[in-house]
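See structure below.
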Amino acid sequence: MDSSAVLELFRANGALHDGHFRLSSGLHSAGYLQSALVLQHPQHAETLGRALADTLRDLRPTVVLSPALGGLIIGHEVARALGVRAIFAERQDGALTLRRGFTLSPIERVVIIEDVVTTGLSTRETIACATAAGATAVGAGSIIDRSGGTADLGVPFRSLTTFVVANHEPSVCPMCAAGQPVTKPGSRG
């Protein structure tokens, strides 16, 4: 699946939004990608998962770990395509942690899967969660890289496409300066 096909899938499903958004990273942006509108369709989730898995196969992961909530569906589909298990980390007292009986062992090779990476903060937190459990993070992947290739994750990172829209610190956001109301559509409060 090529880059333009991924973005077209988002457009066709009404998942590309214009406005004034506070991203999960805390940055403000005039554009927002609502992956859930694409991933709600199992056939699209499967297609994207298979394509992303193909970019990560050479890393030989033995488990996929995703941060809840945004990475859950795509992480599951990547794991299915790779033939490995899918687990997720969720926030407890502000930190991503393994719960619900999920465990990792020192012999496991973990790939972290997200829907969208902007600054890489959630991905880095998920990598730290895997490392704290004793496993080795061998790579990360996302459907869309909003960082333009600048997110430093400390592991090989692959995405299906790059979609760059200017991000602003709230203190210098031109939309805030113009008095435009901000919307918080993401999964992190």
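Quick note: the sequence shown uses numbering that gives the first Met the number 0, first residue 0, plus one each step. A virtual CB, placed ideally from N, CA and C, is assigned to each residue, including glycine.
- By the criterion of a C-beta distance shorter than 6 Å, Asn-166 is surrounded in its chain by Leu-26, Ser-28, once the five residues flanking it on both sides are discounted.
- Ile-106 and Thr-96 have their C-alpha atoms roughly 19 Å apart.
- A Cβ-Cβ separation of about 6 Å places Gly-140 in contact with Val-110 under the 8 Å criterion.
- Taking C-alpha positions only, Gly-93 is separated from Leu-8 by approximately 33 Å.
- In the structure shown, Gln-33 adopts coil according to DSSP, grouped into three states.
- Going by beta carbons, Gly-74 and Ala-88 fall outside the 7 Å limit.
- DSSP places Thr-122 within a helical segment (H, G or I) once states are collapsed to three.
- Within the model, the alpha-carbon separation for Leu-103 versus Val-63 is close to 11 Å.
- In the three-state reduction of the DSSP assignment, Phe-9 falls in the helix class.
- According to DSSP, Leu-64 shares a beta bridge with Ile-86, Ile-111.
- With contacts defined as CB atoms closer than 7 Å, Thr-125 and Pro-66 qualify as a contacting pair.
- Residue environment analysis places Ser-3 among the exposed positions, since fewer than 16 neighbouring C-beta atoms fall within 10 angstroms of its C-beta.
- Under the three-state reduction of DSSP output, Ile-73 falls in the helix class.
- For His-43 against Thr-182, the beta-carbon gap comes to about 24 Å, at or over 8 Å, which does not count as contact.
- In this structure, the straight-line span from the alpha carbon of Ala-11 to that of Gly-100 is close to 38 Å.
- Take the alpha-carbon of Gly-82 and the one of Cys-175: they are about 46 Å apart.
- Note on Pro-41: under 16 other CB atoms within 10 angstroms of its CB, so exposed under the neighbour-count rule.
- Approximately 6 Å separates the beta-carbon atoms of Ala-50 and Leu-159; this is inside 8 Å, confirming the contact.
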